[in-house]
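*Asks:* Top to bottom, those sequences are chains Y and R.
Our numbering puts the first residue of the first sequence at 115, with every later residue one more than the last.
Our numbering puts the first residue of the second sequence at 115, with every later residue one more than the last.
Using N, Cα and C, we set each Cβ at its ideal position, and we do this for glycine too.
Predicted, not measured: the structure shown is a model, and the values here were computed from it.
Following this message is one structure expressed as structure tokens.
There are 2 protein chains.
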Amino acid sequence: MNEKDYMKMAIELSKKSVASGGGPFGAVIVKDGKVIATGHNCVTQHHDPTAHAEVSAIREACQKTGDFKLEGCQIYSSCEPCPMCLSAIYWAGIEKIYFANTREDAKNIGFDDSFIYDQIPLQPSKRSIPSEEIMRNEAQQAFRMWEDKDDKVEY
Amino acid sequence: MNEKDYMKMAIELSKKSVASGGGPFGAVIVKDGKVIATGHNCVTQHHDPTAHAEVSAIREACQKTGDFKLEGCQIYSSCEPCPMCLSAIYWAGIEKIYFANTREDAKNIGFDDSFIYDQIPLQPSKRSIPSEEIMRNEAQQAFRMWEDKDDKVEY
Numbered sequence: 115m116n117e118k119d120y121m122k123m124a125i126e127l128s129k130k131s132v133a134s135g136g137g138p139f140g141a142v143i144v145k146d147g148k149v150i151a152t153g154h155n156c157v158t159q160h161h162d163p164t165a166h167a168e169v170s171a172i173r174e175a176c177q178k179t180g181d182f183k184l185e186g187c188q189i190y191s192s193c194e195p196c197p198m199c200l201s202a203i204y205w206a207g208i209e210k211i212y213f214a215n216t217r218e219d220a221k222n223i224g225f226d227d228s229f230i231y232d233q234i235p236l237q238p239s240k241r242s243i244p245s246e247e248i249m250r251n252e253a254q255q256a257f258r259m260w261e262d263k264d265d266k267v268e269y
Numbered sequence: 115m116n117e118k119d120y121m122k123m124a125i126e127l128s129k130k131s132v133a134s135g136g137g138p139f140g141a142v143i144v145k146d147g148k149v150i151a152t153g154h155n156c157v158t159q160h161h162d163p164t165a166h167a168e169v170s171a172i173r174e175a176c177q178k179t180g181d182f183k184l185e186g187c188q189i190y191s192s193c194e195p196c197p198m199c200l201s202a203i204y205w206a207g208i209e210k211i212y213f214a215n216t217r218e219d220a221k222n223i224g225f226d227d228s229f230i231y232d233q234i235p236l237q238p239s240k241r242s243i244p245s246e247e248i249m250r251n252e253a254q255q256a257f258r259m260w261e262d263k264d265d266k267v268e269y
């Protein structure tokens with residue numbers, strides 16, 4: 115299988131997802147030339163706003179490999195990852211992203227990907243969701259505990 | 115209970131999380147003055163790079179309310195949400211964010227929040243994880259199916 119075969123699989127997942135009542139998004143994770151996990155958007159079906167295709171595929175891949183990192187893996191997504199999924203890809207340490215539809219395509223059919231991309235870089239005070247910093251001093255205690263812990267598992 | 119009480123709860127969760135082997139992060143979701151869900155970072159314990167405190171709390175709140183939106187809810191996080199969690203907060207429609215530690219505090223103890231904030235706004239070609247657009251035309255089919263579907267559940 116090559117890049118087009120993996121993407122074809124992600125696109126098929128996106129079409130099946132629409133047919134079964136989910137959002138029009140599919141994703142496939144590949145390691146060493148083998149598909150190790152797939153996902154499709156099931157936000158409304160699973161009552162989970164984080165259940166995008168890429169996040170679902172990442173979770174499945176990590177369950178299968180028993181690791182919280184996906185080094186040496188590629189992700190094929192039928193649409194450019196939204197900032198949530200892109201950040202999850204960073205946290206997972208995936209090495210390359212292939213995508214088909216763009217964030218503008220997603221915007222044109224009513225999804226907020228592009229809007230959220232615009233919001234993330236703003237200063238918190240400029241964003242549409244207000245945020246407020248409180249009790250930073252108290253919260254530092256947990257960070258000091260983390261620093262002082264000898265047997266911590268870093269990630 | 116007031117804002118400080120909810121944040122105190124999130125901070126306590128972050129400290130308990132370190133003690134039990136997780137990352138130093140806790141979150142609480144409040145609706146109509148009641149705590150409806152809590153979360154702590156369990157990335158390494160659950161083998162799930164998306165299991166940040168905020169994402170975990172959002173998932174739990176949605177399971178409890180049976181909805182994929184959390185309108186009228188506030189989130190209290192012991193640390194400024196990373197871009198993944200911030201985006202999840204947008205997708206969930208949470209109305210206000212309270213945070214304690216900042217992204218710089220997280221950076222100073224070894225977490226990539228600040229780095230990912232810097233990556234998200236970049237053009238894909240400038241990011242540390244390469245990405246490539248392929249087969250956009252083929253992928254459009256799923257978007258057309260979505261547009262044409264009369265009984266779709268929008269989100």
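Contact check, Y:Ile234 vs R:Leu200 under 8 Å by CB: the rounded distance?
*Replies:* 6 Å
*Asks:* Using beta carbons (cut-off 7 Å, strictly below), is Y:His154 in contact with chain R?
*Replies:* no
*Asks:* From Y:Met198, Y:Phe139, Y:Arg250 and Y:Tyr190, pick the residue whose C-alpha is nearest to that of R:Ala124; which is it?
*Replies:* Y:Arg250
*Asks:* Taking only beta-carbon positions, decide if R:Lys221 is within less than 7 Å of chain Y.
*Replies:* Output row for R:Lys221: interface = no.
*Asks:* In chain order, what residues of the same chain lie with their CB nearer than 6 Å to the CB of R:Ala220, ignoring the 5 residues before and after it?
*Replies:* Cβ within range, chain order: Cys193 and Asp227.
*Asks:* Just reading off the beta strand (DSSP E) that R:Tyr212 is part of, what are its end residues?
*Replies:* Lys210 to Asn215
*Asks:* Could you check whether the Cβ of Y:Cys187 sits closer than 7 Å to any Cβ belonging to chain R?
*Replies:* no
*Asks:* Between Y:Thr152 and Y:Lys130, what straight-line distance do the alpha-carbon atoms span, to the nearest angstrom?
*Replies:* Between the alpha carbons of Y:Thr152 and Y:Lys130 lies a gap of roughly 13 Å.
*Asks:* Report the neighbours of R:Ala151 on chain Y: residues whose CB is nearer than 9 Å to its CB, in chain order.
*Replies:* Correct list: empty, because the minimum Cβ distance to chain Y is about 12 Å.
*Asks:* For the stretch 154-199 of chain Y, which segments carrying the alpha helix (DSSP H) assignment without a break, of at least 4 residues, lie completely within its bounds, in sequence order?
*Replies:* The qualifying runs are 157-160 and 167-179.
*Asks:* Return helix, strand or coil for R:Lys148, following the three-state DSSP convention.
*Replies:* strand
*Asks:* Measuring alpha carbon to alpha carbon, tell me which residue in R:Glu117, R:Phe213 and R:Glu185 is nearest R:Glu168.
*Replies:* R:Phe213
*Asks:* Just to check my reading of the structure: R:Glu121 and Y:Ile248 have Cβ atoms closer than 8 Å, yes? What is that Cβ distance to the nearest angstrom?
*Replies:* First, the residue type needs correcting, since residue 121 of chain R is Met and not Glu in the sequence shown. Indeed, because the Cβ distance is near 6 Å, the residues count as touching under 8 Å.
*Asks:* Rounded to whole angstroms, what is the Cα-Cα separation between R:Leu127 and R:Ile143?
*Replies:* 13 Å
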